[in-house]
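Here's the structure, in structure tokens; my notes come after.
Protein chains in written order, with the working numbering: chain A, 1 to 384; chain B, 1 to 384.
Right, here's the structure in full:
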């Protein structure tokens, strides 16, 4: 058939990966463990992992709620061991006693492939992938269909974060269109994801309201061309937000804080903006549907809202993976193609620090990358 | 054409109705005012209103948030006047300065009809209707299509509450089916609406979890055949609720409290019940969608929830009117037919007190029917 043949790999060999273990008594153990590299199945490929980012969602799996500042280090330089305590095992029942391989996404080179044409077509290519776990490893077997092949010349470092944030930002726009909204509100908008969304919306002509929490972040977003940027630390925040929503007509918002009052405030400001144009009183509020999606939990406090936005509203959890499963495969392929084409522009992900697998479990590094506010983005390079 | 002809009505005459006026300075005035009875249009009918209930949603329009215990009485026995103060006019802009006719629903006799066949067909019939306002009046013009004709022998008192609660309870079931759930959780389940839902679900074989707040209410619901009744005042409430949800498989809940923590607790218990059957850990929680609809605001405190139920969830406002607009007209007609057929059984609405228009604005009566906890259901009989 003329497919490129992969080099044979010694699948009897072992490799290293970062695992997170929660014991029944609530003890947490983070370590670098060896594992037997599996053989790819017919529709699978074997990746040599070259770069994998540390994102907030990775920390959920890694720390299982434990306080990173209270972990204790032992073990050796080659085999570090961090131990701690999780606050509750209630929602962890299904992972208790299992050493869970960590690492949502990353990029690397396909060094072996299963027999299917789709798998064989990837041999030798640099691909980005987000299998959801096990990317903090020297090798990882993934399904061929999960791979996002990078364009020639793009490195694994360029593509390390090419899946989750880019697909999430594009997913916001897909969700907006599907649910017939025409403009978006986004929170924590100075994040890497937020900046991607600014660039997508500028390119696609979608009005966007960015919520940030400092004057510095306002300046940062203005610099990349954002029009509406509201600073939640400003005394005029709610008035500013209402103005921006009125100017854009935004009726859908994506919130990665989750906790606190901000989500409800967005709905209240939407209602106030909508009611500027309503001429007849209704005790049930405006008939325009207002949607808030919570896709993160940067604020771990309870979510609280005052119901002053009528009855045409919804607050829901949002996750990119189930969304992609509901899109046509051709649409998903088009989104991935766009990411590959605009990898170093629209979807650029700067990483400020690189560490090996063992360095990632040094307390100093861990304290640095678990601090949410810093903006320091770590990249694990398992084979360097 | 052979349609029954209505008796001519002197439409130059005036009649009485209860109106609620909020002034720009926040002053509230409740009074019995005269108004010119309008002539029905081609698709309309003129009702002599014989019975109209006082429901919580009527109090929203009547009081506009004012404290009922602080109203002051003046005026005469024939023309009572109650005055008070609303806490805020912020969400009332569109009604400021307008004397709003009150009364969501009621029943009466069609004494005149427009020229359309649908309107003429109703002449002389006793009908129930929920136009959303103006039913605390001696006469009311409504659209023919809004009317629910009662069966022969049913009185206006029987049919006074035949629209809102019955259609709401049936609407829960319609929503459950449309969104592919198979069992329901309902709060404040000892209410008249809650009891209707118990009877509907028993008849239709739908598993139902009832949440009440006292042992007396548990007994009340057991008496009419409810299987799963959870008492939120019991120390074992959350465990009881999780058990009942696990037993029924309920993944949709309707909450008329709105404020407080109960709604979020229901979602948490749903997640716990679902996770009993899940075998693989996911940091994103179960993949089963959990839905909470808020359709009332008995608890006016902020809504608060802890997000420990994954990302497959939604909380939204719910209202029966928009739902009915999305159903096929034949389906709506079938629901109304069912209400007429089961008016004094499934959909029985006991009313304990009857008052005239002027009596409804006596302070003693008002203090009684504005107390949420009593269960005393008032009926206004404007023409008796």
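Every residue, glycine too, gets a C-beta built ideally from N, C-alpha and C.
Counting along the chain, no beta strand (DSSP E) covers residue 181 of chain B, and no H or E run does either. DSSP, read as helix, strand or coil, puts residue 110 of chain B in strand. Taking residue 215 of chain A as the centre and dropping the five residues before and after it, the same chain places the C-beta of 231 closer than 7 Å to its C-beta, in chain order.
Unbroken alpha helix (DSSP H) runs of no fewer than 4 residues, entirely contained in the stretch 350 to 374 of chain A, are found at 357 to 360 and 363 to 369, following chain order.
Taking 7 Å as the Cβ-Cβ cut-off, the stretch 116 to 143 of chain B has no residue approaching chain A. Membership of residue 47 of chain B in the beta strand (DSSP E) is indicated by the continuous run 44 to 53. The beta-carbon separation of residue 196 of chain A and residue 165 of chain A, rounded to 6 Å, stays under the 8 Å limit for a contact. Between the stretch 343 to 356 of chain B and the stretch 351 to 368 of chain A, the count of Cβ pairs shorter than 8 Å is below three; the stretches do not touch. Under a 10 Å Cβ-count criterion, residue 384 of chain A is classified as exposed, with fewer than 16 other Cβ atoms of the shown protein chains found around its own Cβ. With a cutoff of 8 Å on beta-carbon distance, residue 177 of chain B and residue 346 of chain B are scored as not near each other.
By a beta-carbon distance limit of 8 Å, residue 167 of chain A contacts residue 335 of chain A. Their separation comes to about 6 Å.
Secondary structure note for residue 275 of chain A: it is in no beta strand (DSSP E), and the uninterrupted alpha helix (DSSP H) holding it is 262 to 275. Distances from the CA of residue 267 of chain A to each of A:316, A:349 and A:233 were compared; the closest alpha carbon is that of A:316. It is roughly 14 Å from the alpha-carbon of residue 326 of chain A to the alpha-carbon of residue 312 of chain B. Contacts with chain B at 8 Å (Cβ-Cβ) include residue 317 of chain A. Nearest to residue 362 of chain B by C-alpha distance, out of B:13, B:30 and B:243, is B:30. Taking CB atoms only, residue 91 of chain A has a neighbour in chain B less than 8 Å away. In the structure shown, residue 164 of chain B adopts helical secondary structure according to DSSP, grouped into three states. Between residue 221 of chain B and residue 190 of chain B, the C-beta gap is smaller than 8 Å, which places the two residues in contact.
By the CB criterion at 8 Å, residue 340 of chain A and residue 148 of chain A fall inside the cutoff.
Considering only beta carbons, the part of the stretch 308 to 332 of chain B lying closer than 9 Å to chain A consists of 308, 309, 310, 311, 312, 313, 314, 315, 316, 317, 318, 319, 321 and 322, in chain order. In this structure, the alpha-carbon of residue 193 of chain B lies about 6 Å from that of residue 169 of chain B. Per DSSP, the unbroken beta strand (DSSP E) holding residue 255 of chain A starts and ends at 252 to 255.
For chain B, the residues of the stretch 53 to 87 of chain A that bring a beta carbon within less than 8 Å of one of its beta carbons are 57, 60 and 61, in chain order. Bounds of the beta strand (DSSP E) holding residue 27 of chain A are 27 to 36.
The stretch 220 to 252 of chain B contains, as complete beta strand (DSSP E) runs of 3+ residues, the segments 228 to 231 (chain order). Contact of residue 302 of chain A with chain B is assigned, a C-beta pair being separated by under 8 Å.
Residue pairing by DSSP places residue 80 of chain A opposite A:75 in a beta bridge. Beta-bridge analysis with DSSP links residue 101 of chain A to A:19. Ranked by Cα distance from residue 110 of chain A, the first of A:303, A:287 and A:48 is A:48. The closest CA to that of residue 132 of chain B, considering only B:180, B:125 and B:163, is found on B:163. Nearest CB-CB separation between residue 246 of chain B and chain A: not below the 8 Å threshold.
Of the candidates B:280, B:92 and B:40, B:40 places its Cα closest to the Cα of residue 140 of chain B. Counting along the chain, the unbroken alpha helix (DSSP H) around residue 200 of chain B starts and ends at 192 to 204. Taking 9 Å as the cut-off between beta carbons, none of the residues of the stretch 228 to 245 of chain B comes near chain A.
Cα atoms of residue 58 of chain B and residue 100 of chain B: separation of roughly 12 Å, rounded to the nearest angstrom.
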